[in-house]
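A.B. asks: Quick one: the structure is below, and I'll ask about it shortly.
Protein chains: 2
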Amino acid sequence: MRPVPRTAILDRPLAPPRRRDSAATRGAILEAGKRQFAQFGYDRTVLREIAAEAGADVALIKRYFGGKEGLFVEALKSAIGAQDRLRGWDRAAFAREIATLMAGNPHAQEDRTQTFQFLLRAATSPSTAPLLNLAVQERFLGPIRDWLGGKESAARARVLAAVHIGFLVERLIRGKALTGPEREAFIDRAAATIQGLIDAPTPGP
Amino acid sequence: MRPVPRTAILDRPLAPPRRRDSAATRGAILEAGKRQFAQFGYDRTVLREIAAEAGADVALIKRYFGGKEGLFVEALKSAIGAQDRLRGWDRAAFAREIATLMAGNPHAQEDRTQTFQFLLRAATSPSTAPLLNLAVQERFLGPIRDWLGGKESAARARVLAAVHIGFLVERLIRGKALTGPEREAFIDRAAATIQGLIDAPTPGP
DNA sequence: AAGTTTTGTCAACAGGCATTGACTTTGCAT
DNA sequence: ATGCAAAGTCAATGCCTGTTGACAAAACTT
Chain H
129 MRPVPRTAIL DRPLAPPRRR DSAATRGAIL EAGKRQFAQF GYDRTVLREI
179 AAEAGADVAL IKRYFGGKEG LFVEALKSAI GAQDRLRGWD RAAFAREIAT
229 LMAGNPHAQE DRTQTFQFLL RAATSPSTAP LLNLAVQERF LGPIRDWLGG
279 KESAARARVL AAVHIGFLVE RLIRGKALTG PEREAFIDRA AATIQGLIDA
329 PTPGP
Chain G
129 MRPVPRTAIL DRPLAPPRRR DSAATRGAIL EAGKRQFAQF GYDRTVLREI
179 AAEAGADVAL IKRYFGGKEG LFVEALKSAI GAQDRLRGWD RAAFAREIAT
229 LMAGNPHAQE DRTQTFQFLL RAATSPSTAP LLNLAVQERF LGPIRDWLGG
279 KESAARARVL AAVHIGFLVE RLIRGKALTG PEREAFIDRA AATIQGLIDA
329 PTPGP
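Structure, rendered in structure tokens:
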């Protein structure tokens, strides 16, 4: 397989020589790890590269995280941890906002999607999927379910999560953002689909 | 990271000693490759294992496919090619069938999702993403769109595909099949979501 | 200022795995 | 039967990469 050009999204920050500070170093490594794991996935991420981006030495990864897997788990936790901002979202705007996000904004910053990419990569790699199961359950599905509320919130949360993930993958495959009328149609449809999951209180028999 | 138990889905067929036959050997390798790439992903698939399952020698992989990447691409093509069976599906039953499939049958063998798993893994493999993009467009999105028909069929197809993929990933993360009432609720919701995409002729303004 | 602990650097080491090329066997045509 | 090409086997080879431990430099303590 091709070596896969290992270019960073934006040119390596190349951290200025840090004054000795274990916390800062650890943090830098974690951050670089998060980014690279998200971009390349577990297997194709090389510790030496992470160290380089963090401006640290490989050996420190072992010291601070025990090894590659330790760093990954830590990075995963850190990435998922930021998912609490769900509450406070406007129920009416949510669907369309997500849909727009998923259509891909040619100008949007990739910050938002990094977490998801991370999850996605973790999910699709057999090596890390087991690690993900619990984390997703607790910190992802749970909050969504609570936010949704109402009847069958658990099932709706599951489906919603699935749909959401699906959009991410689709976007990943597609590569580029949609434009023009196709974009509009897509957003409409996607928003409607999501909305159906948000407020469906199950008409039931 | 865990070595990832390299157990086959169903016990290795362990092909009976083949009489010398390049076509058959090539085919066996391709088949084994398809299965293992789908199960383990590119990086964690080992050529020696493929060869073993095919009852062939590693060196033959080079001879017939040029190398690992060549085999992967070939396997991908082969997997994608088998997606024509869409037409003929019952529009009424489709949604629920997919939903059920995605909930996971505790007793079923997972053959059904193998192709999709493969696609998914390929999607996250950087070097094959471009190839996949095209393939998905032509052999996946196209047929779905035609099958859907009606207004905005392209956009609906896109969303449907995304949703479908999403279910797959969710299932991948979840690992085990759902059971009991949660299963029922999930299927109901998922089916409704999919159905909404199938027959929505866009009520529009 | 000396000694100690923390932080960081460097250079192997070792395992896994794709790749290679030389060698052997089989099948087939003559 | 015999010889040649195709098919299959085998044993290196070498790279990539995570891990490790010994060493150096800084920071902190007393």
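Heads up: the sequence lines are chains H and G, in that order.
The first sequence begins at 129 in this note's numbering and counts up by one.
The second sequence begins at 129 in this note's numbering and counts up by one.
We treat Cβ as the ideally placed atom computed from N, Cα and C, and that holds for glycine.
Quick test of your reading: residue 276(H) and residue 267(H), contact by CB under 8 Å. State the CB separation rounded to the nearest angstrom.
C.D. replies: Not really, about 16 Å apart at Cβ, beyond 8 Å.
A.B. asks: Specify, as a first and last residue, the run of the alpha helix (DSSP H) that residue 275(H) falls within.
C.D. replies: It spans 270 to 276 - the alpha helix (DSSP H) in which residue 275(H) sits, taken as one unbroken run.
A.B. asks: For the stretch 261 to 291 of chain G, enumerate the residues whose C-beta is nearer than 7 Å to any C-beta of chain H, in chain order.
C.D. replies: From the stretch 261 to 291 of chain G, only 261, 264, 280, 282, 283, 284, 286, 287, 289, 290 and 291 have a Cβ closer than 7 Å to chain H.
A.B. asks: Smallest Cα separation from residue 151(G): which of 204(G), 227(G), 175(G) and 191(G)?
C.D. replies: Nearest C-alpha to residue 151(G): 191(G).
A.B. asks: From 173(G), 172(G), 181(G) and 166(G), pick the residue whose C-alpha is nearest to that of residue 157(G); which is it?
C.D. replies: Nearest of 173(G), 172(G), 181(G) and 166(G) to residue 157(G), Cα basis: 181(G).
A.B. asks: Determine the chain G residues that contact residue 226(H) at a beta-carbon separation under 9 Å, and present them in chain order.
C.D. replies: Result: empty, since nearest Cβ-Cβ is about 12 Å, beyond 9 Å.
A.B. asks: Only counting the same chain, and skipping five residues up and downstream in sequence, which positions put a Cβ closer than 6 Å to that of residue 314(G)?
C.D. replies: 231 and 306.
A.B. asks: Contact criterion: CB-CB distance below 7 Å. Does residue 174(G) meet it with respect to chain H?
C.D. replies: False, the Cβ-Cβ gap to chain H never drops below 7 Å.
A.B. asks: DSSP three-state call for residue 280(H): helix, strand or coil?
C.D. replies: Reduced to three states, the DSSP call for residue 280(H) is coil.
A.B. asks: Check each candidate in 205(G), 278(G), 194(G) and 224(G) and name the one with the smallest Cα separation from residue 244(G).
C.D. replies: Nearest C-alpha to residue 244(G): 205(G).
A.B. asks: Between which two residues does the alpha helix (DSSP H) harbouring residue 150(G) extend?
C.D. replies: From DSSP, the alpha helix (DSSP H) with residue 150(G) extends over 150 to 168.
A.B. asks: So, helix, strand or coil for residue 174(H), using DSSP?
C.D. replies: DSSP places residue 174(H) in coil when its eight states are reduced to three.
A.B. asks: Here's a check: name, in chain order, each residue in its chain whose Cβ is nearer than 8 Å to the Cβ of residue 185(G), leaving out the five neighbours to either side.
C.D. replies: Within the same chain, residue 185(G) has close Cβ partners 179.
A.B. asks: Helix, strand or coil: which one does DSSP assign to residue 261(H)?
C.D. replies: Correct three-state label for residue 261(H): helix.
A.B. asks: Looking at the secondary structure, which residues open and close the alpha helix (DSSP H) in which residue 266(G) lies?
C.D. replies: Residue 266(G) -> no alpha helix (DSSP H), and no H or E assigned at all.
A.B. asks: Give the interface partners of residue 293(H) over in chain G, defined as CB-CB distance under 7 Å, in chain order.
C.D. replies: Ordered by position in chain G, the residues that pass the 7 Å Cβ test against residue 293(H) are 294, 297 and 298.
A.B. asks: So, are the CB atoms of residue 319(H) and residue 227(H) less than 7 Å apart?
C.D. replies: A contact, by the Cβ cut-off of 7 Å.
A.B. asks: Give a yes or no on whether 7 Å exceeds the smallest Cβ distance from residue 313(G) to chain H.
C.D. replies: Closer than 7 Å: yes.
A.B. asks: When the cut-off is 7 Å and only beta carbons count, does residue 203(H) lie next to chain G?
C.D. replies: Output row for residue 203(H): interface = no.
A.B. asks: Does the CB of residue 309(G) have a neighbour CB from chain H at under 7 Å?
C.D. replies: No, its Cβ sits nowhere closer than 7 Å to a Cβ of chain H.
A.B. asks: Kindly list the residues whose CB is nearer than 7 Å to the CB of residue 326(G), restricted to its own chain and excluding five residues on each side of it in sequence; keep chain order.
C.D. replies: So the list reads 219, 222, 223 and 276, once near-sequence residues are dropped.
A.B. asks: With residue 198(H) and residue 249(H) assumed to form a contact (beta carbons below 8 Å), what rounded beta-carbon distance in angstroms separates them?
C.D. replies: Actually they do not touch by this definition, with Cβ atoms about 17 Å apart.
A.B. asks: Taking DSSP as the reference, what is the three-state secondary structure of residue 184(H)?
C.D. replies: Coil, per DSSP.
A.B. asks: Residue 323(G) to residue 281(G), Cα distance in whole Å?
C.D. replies: Near 14 Å, if we compare the C-alpha coordinates of residue 281(G) and residue 323(G).
A.B. asks: To the nearest angstrom, how far is the alpha carbon of residue 269(G) from that of residue 298(H)?
C.D. replies: If I take the Cα positions, the gap works out to 11 Å.
A.B. asks: Which residues in chain H sit within 7 Å of residue 156(G), going by Cβ to Cβ distance?
C.D. replies: By Cβ distance, chain H contributes nothing, its closest Cβ being about 22 Å from residue 156(G), past 7 Å.
A.B. asks: Going by Cα to Cα distance, which pick from 317(G), 264(G) and 175(G) is closest to residue 302(H)?
C.D. replies: When only C-alpha atoms are compared, the closest one is 264(G).
A.B. asks: Taking 7 Å as the threshold (C-beta atoms), are residue 293(H) and residue 294(G) in contact?
C.D. replies: Result yes, Cβ atoms of residue 294(G) and residue 293(H) sit closer than 7 Å.
A.B. asks: Using the Cβ count rule (16 or more neighbours within 10 Å means buried), how would you classify residue 286(H)?
C.D. replies: Label assigned to residue 286(H): buried.
A.B. asks: Between the alpha carbons of residue 242(G) and residue 316(G), how many angstroms are there, rounded?
C.D. replies: Distance between the alpha carbons of residue 242(G) and residue 316(G): 24 Å.
A.B. asks: Could you tell me whether the Cβ of residue 166(H) comes closer than 7 Å to any Cβ of chain G?
C.D. replies: Answer no: the Cβ-Cβ gap between residue 166(H) and chain G never drops below 7 Å.
A.B. asks: Could you have a look at residue 324(H) and say whether DSSP puts it in helix, strand or coil?
C.D. replies: Note: residue 324(H) maps to helix in three-state DSSP.
A.B. asks: Quick check: what's the CA-CA separation for residue 312(G) versus residue 203(H)?
C.D. replies: Spanning the two alpha carbons is a distance of roughly 35 Å.
A.B. asks: May I have the straight-line CA-CA distance separating residue 166(G) from residue 147(H), to the nearest angstrom?
C.D. replies: If I take the Cα positions, the gap works out to 47 Å.
A.B. asks: In this structure, how does DSSP classify residue 307(H) when only helix, strand and coil are distinguished?
C.D. replies: Looking at residue 307(H) - three-state DSSP - the assignment turns out to be coil, as it is neither helix nor strand.
A.B. asks: Got a sec? Which residues, its chain only, sit under 6 Å from residue 141(H) by beta carbon, not counting five neighbours each side?
C.D. replies: For residue 141(H), the predicted model reports a pLDDT of 46, less than 50, meaning its position is unreliable; a value from the coordinates is still stated below. Nothing listed; no residue qualifies.
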